[in-house]
């Protein structure tokens, strides 16, 4: 049987299996000019006349690869013109945006790309956004989530249908896509940044998966199939979690009941352990208004609260507090943090200062190093800071009161005293450690712990001043800009 016919039939059956597209719908197709996206556009175009689909190609120019990116855009427009497919292009500046937001370029590019798709969908009154992720991408996503530490849901990888986004190629492999294009004699653009191991996913694709395929040539395919099976299990678990939320009185017919949640201990402990944690996760995310930065350590601490005595409480991200009473636990959001006469809070850099630094970095690198001082208060002391470009083989200071940090990893940083739930990353393996445990291990007296100055990003402690820093913020091989901080005050409480 003809390979191209079989390939198209496989994709068509997959589209029908998940009811991705209905007749006469307007579909936006993300097209970079590479093999995957160009193949998707071609295949959907083959189906469109019979199914009466309207297609529009959407190309995103990321502002990363200069003239090569310009050629990609020109190539996509010429291809669409040849096949009489409408095409719209969006331009964004990923490197600049990444510096301003302190995100990695991969994450920034993805965010801006999806923003452009959403804008195109709204402007053109389209129905769906088709993306060209395939089985190999699915396997990479699954493994990427696994090694970073993921929930069960994360191991399901990408969904065939996720709200208005569809992925018709999750049923085929990369090599099948390339063969289809070869037999159809369709040329495509190659993004050579895909062969750079600067990006984490490229390392998996270029170094890890070739080793896995030496063990089993179908490794990526099997992983993608496992992800699809786990997605089916996730749908079942989602139903069970919804039922538990109803039983616990947090939801009624899928509608959340209050702006704060009360969970009775007796009813909670009747639920299966796995479902209990999912209930807590959903409750936290609902009140927080976001799933970002909600981690397994927060769920574990919340769950432990049910076995503690009345009056115990914990602080969670987004100003959430969970407090134990005689019959259960209440979770609520307190925008204004409780006043503590011993607490202090000073921002490391204001938004204006950060903007100035980025301008100097982009247009006047010759002016580095930049230096300055920040007076915290007469009682606390001052911080002297220096920003410079990282040079390899430079000796990093070992002084407890002078530390080097990777500037690009510090997005929001406050000098403050401790809060409930504070933690830091202990080692290169990503192991978390509670600040309270650190104080106990270092034999810091209880009466001094409330006065130890910290540099923090939310609950993540960047630097225990006078002590160690979190592994996450250390200077490493990929560091571009070093932030040196030196703290001085008359009354130093030394920490090992």
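In the working numbering, the protein residues as written are 27 to 522.
Note that CB positions come from ideal geometry on N, CA and C, so glycine has one too.
Nearest by alpha-carbon distance to residue i: which of the options is it?
i           : options            : result
residue 161 : 133, 151, 198, 217 : 198
residue 428 : 511, 244, 415, 38  : 511
residue 139 : 58, 268, 105, 202  : 58
residue 267 : 458, 257, 95, 302  : 302
residue 53  : 194, 171, 201, 124 : 194
residue 113 : 122, 150, 131, 128 : 150
residue 229 : 167, 270, 408      : 167
residue 331 : 353, 313, 315, 314 : 353
residue 462 : 485, 250, 455, 170 : 485
residue 436 : 45, 51, 182, 126   : 126
residue 187 : 210, 159, 70       : 159
residue 183 : 190, 169, 192, 472 : 169
Report the three-state DSSP secondary structure of residue i (helix, strand or coil).
i           : result
residue 44  : coil
residue 425 : coil
residue 512 : strand
residue 30  : helix
residue 311 : helix
residue 169 : helix
residue 241 : helix
residue 101 : helix
residue 82  : strand
residue 420 : coil
residue 234 : helix
residue 493 : coil
residue 520 : For residue 520, the predicted model reports a pLDDT of 42, less than 50, meaning its position is unreliable; a value from the coordinates is still stated below. Three-state result, residue 520: coil.
Suppose contacts are defined by Cβ-Cβ distances below 9 Å. Is residue i in contact with residue j by that definition?
i           : j           : result
residue 177 : residue 294 : no
residue 344 : residue 319 : yes
residue 482 : residue 448 : yes
residue 480 : residue 438 : no
residue 86  : residue 116 : yes
residue 501 : residue 422 : yes
residue 497 : residue 451 : yes
residue 132 : residue 227 : yes
residue 440 : residue 514 : no
residue 69  : residue 37  : yes
residue 347 : residue 334 : no
Which stretch, first to last residue, makes up the beta strand (DSSP E) that contains residue i?
i           : result
residue 50  : Segment: none, residue 50 is in no beta strand (DSSP E) and carries neither H nor E.
residue 74  : Premise fails: residue 74 lies in the alpha helix (DSSP H), 61-77, not in any beta strand (DSSP E).
residue 350 : 346-350
residue 410 : 407-415
residue 290 : 287-290
residue 487 : 486-490
residue 113 : 113-117
residue 442 : 440-442
residue 359 : 354-359
I'd like the list of long-range same chain contacts for residue i, defined as Cβ closer than 7 Å, with 5 residues on each side in sequence excluded.
i           : result
residue 519 : Caution is warranted here: a pLDDT of 43 is assigned to residue 519, below 50, making its placement in the model unreliable, and the coordinate value is therefore given only provisionally. So the qualifying residues of the chain are 474, 477, 478, 492.
residue 311 : 317, 320
residue 393 : 386
residue 368 : Only weak support is given to the placement of residue 368: the predicted model assigns it a pLDDT of 47, under 50, and the value that follows is read from those uncertain coordinates. Excluding sequence neighbours, residue 368 sits near 443, 476, 477.
residue 365 : Caution applies to residue 365, whose pLDDT of 36 falls short of 50 and renders its modelled position unreliable; the value that the coordinates give is listed next. Same-chain partners within the cutoff: there are none.
residue 517 : Here the model assigns residue 517 a pLDDT of 49, short of 50, so the residue's position is not dependable and the matter cannot be decided.
residue 124 : 130, 131, 134
To which residues of the same chain is residue i closer than 8 Å at the C-beta, ignoring the five residues directly before and after it?
i           : result
residue 548 : This structure gives no information on residue 548, because the portion of the chain shown stretches from 27 to 522.
residue 231 : 162, 166, 220
Output the boundary residues of the alpha helix (DSSP H) element that contains residue i.
i           : result
residue 326 : 322-331
residue 228 : 226-229
residue 245 : 245-273
residue 377 : 377-389
residue 137 : 131-150
residue 125 : 120-127
residue 462 : 461-467
Between residue i and chain B, is there a C-beta pair that is closer than 9 Å?
i           : result
residue 209 : Any reference to chain B falls outside this structure, which holds one protein chain only.
Keeping to the same chain, check which residues put their C-beta closer than 6 Å to that of residue i; ignore five residues upstream and five downstream.
i           : result
residue 179 : 260
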